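Here is the structure we will look at.
Residue numbers (the numbering used here): 23 to 231.
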């Protein structure tokens, strides 16, 4: 289980031994980030049934239901569940496991071939921030929350731009409708008559060719 208390390891440089690799995350189908998956695995009620611990089973069941109803991208809600799990269930989480999964998910390698400069820069910034907080769960959560805020902001900006384009199109259509369906002034009648006459002449010419 990934939600285990991290043991203090001797310094790698001092011992000359490489640290054990982090555990792999069993990702849920809707969770490419791994944060929700770690939490779900940690608070599953069956973890507290041998021996049976009624208060913890109740707490874990409540948190488990909350997680199942929480999108994998709602990092603020997931962070709250994580803190409550640590306090109520006495769980500590393997930060390096989540860090490794996130570095894989946001890896700039994905945008080298074919090259996508904008996405490369975006994920590079995220990975740089994650590296700073690789041993700090709260810091990693802050990076994820900031990332989601940026995503929401860009999504809202695109929505506003699309709405503005739709409004312009509707305004153009409204102008044409009002022009043709409005009161038939003499000028409009003459213009429409000219258009009809031109179309008729054009048809006659085509029929004679």
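Virtual Cβ for every residue (Gly too), placed ideally from N, Cα, C.
Just so it is clear, the structure is predicted and the values come from calculations on it, not from any experiment.
Taking a 10 Å sphere around the C-beta of residue 53, we find 16 or more other C-beta atoms and assign the residue as buried. Counting every other CB atom within 10 Å of its CB across the protein chains shown gives residue 131 a total below 16, marking it as exposed. The beta carbons of residue 102 and residue 61 sit no closer together than 8 Å. Per DSSP, the continuous alpha helix (DSSP H) segment holding residue 120 begins and ends at 117-127. Of 95, 98 and 113, the smallest CA-CA separation from residue 70 is found for 113. For residue 82, the closest of 216, 64 and 91 by C-alpha to C-alpha distance is 64. A distance below 6 Å between beta-carbons, with the five flanking residues on each side excluded, links residue 151 to the following residues of its chain, in chain order: 165. Going by DSSP, residue 146 is part of the alpha helix (DSSP H) stretching over 139-154. With respect to the 8 Å criterion, residue 111 and residue 78 are classified as neighbours on the basis of their beta carbons. Taking 8 Å as the cut-off, the Cβ atoms of residue 118 and residue 58 do not count as close. In this structure residue 124 is not in contact with residue 168, their Cβ atoms being roughly 13 Å apart against a cut-off of 8 Å.
Residue 216 has its alpha-carbon roughly 43 Å from the corresponding atom of residue 180.
In this structure, the alpha-carbon of residue 85 lies about 24 Å from that of residue 171. If you draw a straight line from the Cα of residue 177 to the Cα of residue 222, it is about 50 Å long.
From the listed residues 229, 175 and 143, the smallest Cα separation to residue 128 is found for 143. Residue 67 has its alpha-carbon roughly 8 Å from the corresponding atom of residue 80.
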